[in-house]
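Chemist: Take this structure, written in structure tokens, and hold onto it; I'll ask about it next.
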Amino acid sequence: MNTSKLSKIFDITERQDLLSQLVISSSGVFVKLCFALIFLLVVCSLLYLSEKALRSPWGRMMRAIRDNEDAAKAMGKNVVKQHLFIFMLGSAIIGFAGAMLVTYDGLFTPSSYQPLRYTFLIWVMVLLGGTGNNYGAILGAFVVWFIWIQSAPFALFVINLFTSQLDETNAIKLHLINSIPYFRYLMMGLGLLVVMRYRPMGLLPEKVLRN
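Shown next, in the form of structure tokens:
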């Protein structure tokens, strides 16, 4: 009788532990799905507003200032004012993106700032996707993210392929395996060189709008 009671207690305890683990894992998935939905809504909203602004008279004026400031001044446009306005608008969008990043990561300190992650990769995304094209920037972000994620598994596969004849304790093989995270930088550089060589305007170049 005592044995049966103990087994029931253990069963209840195991069920409680299993249920708590299930709730914790499910809550984590739910939070990530909520963040993904929020980010998707923000990206779609910014893309829609950017496309509307691009095809508006203000967008045509900004393209004219970008292409030839002197000609825009000759047409009576206040170039300095528009430069300040676009700087303020871009800073506001970046600030909003930074707030979303801190919300997702939970904490951001100046010492945790990584120029490679928060500056270099952003420029690579824009250059790969295509400058002057909003859809190109989104495409470049997905391409860079895919390369960044898959570089380490691909590097490990290549290293194992070419060092299959070496012993597992070989110094060269161990050094290459320990250097796998740095292959991401190599892949980023190679990808940027290939695109700049064969597609200097990016994967999706800027479209010439006929107004």
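In the numbering used here, each number is its position in the sequence shown, counted from 1, plus 894.
Beta carbons are placed, not taken as given, at the ideal position from N, Cα and C, and that holds for glycine.
Since the model is a prediction, treat every value here as computed from it, not as a measurement.
(1) Measure how close the beta-carbons of I1074 and A1049 come, nearest whole angstrom, since I'm counting them as under 8 Å.
(2) Going along the chain, which unbroken runs of the alpha helix (DSSP H) with 4 or more residues stay wholly within the segment 1010-1075?
(3) What are the boundary residues of the alpha helix (DSSP H) that S985 is part of?
(4) Does the count of Cβ pairs from the segment 1078-1098 and the segment 1038-1053 closer than 8 Å reach three?
(5) Considering only C-alpha positions, which residue in the set I1016, L1022, T1013 is nearest to L1121?
(6) Hey, how far is the Cα of L1055 from the Cα of H977?
(7) Tell me the rounded alpha-carbon separation between T1025 and A1031.
(8) Nearest-angstrom Cα distance between L948 and D961?
(9) Could you give the first and the last residue of the continuous alpha helix (DSSP H) run that contains G953?
(10) Three-state secondary structure (DSSP) at G1096?
(11) Whole angstroms are fine: how far does the CA of L1033 sit from the CA of L900?
(12) Give the single residue among Y1007, I1071, Q1059 whose Cα lies nearest to the Cα of A1046.
(13) Run the CB neighbour count on A966, radius 10 Å, all protein chains shown included, and call it buried at 16 or more, exposed below.
(14) Can you tell me which of V917, I1053, F929 puts its alpha carbon nearest to the alpha carbon of L995?
(15) With a cut-off of 8 Å, do at least 3 Cβ pairs link the segment 1086-1101 to the segment 1011-1021?
(16) Mark V1089 as exposed unless 16 or more other C-beta atoms lie within 10 angstroms of its C-beta, in which case mark it buried.
Modeler: In brief:
(1) 5 Å
(2) Taken in chain order, the whole alpha helix (DSSP H) runs of length 4 or more contained in the segment 1010-1075 are 1015-1023, 1028-1056, 1065-1072.
(3) 973-999
(4) yes
(5) Any question about residue 1121 goes unanswered here, given that the chain covers just 895 to 1105.
(6) 53 Å
(7) 7 Å
(8) 14 Å
(9) Its alpha helix (DSSP H) spans residues 951-961.
(10) Reduced to three states, the DSSP call for G1096 is coil.
(11) Because L900 sits at a pLDDT of 46, beneath the cut-off of 50, its placement in the model cannot be relied upon, and the following sentence gives the value as read from the coordinates. Approximately 59 Å, taken between the alpha carbons.
(12) I1071
(13) buried
(14) Relative to the Cα of L995, the nearest Cα in the group V917, I1053, F929 belongs to F929.
(15) yes
(16) buried
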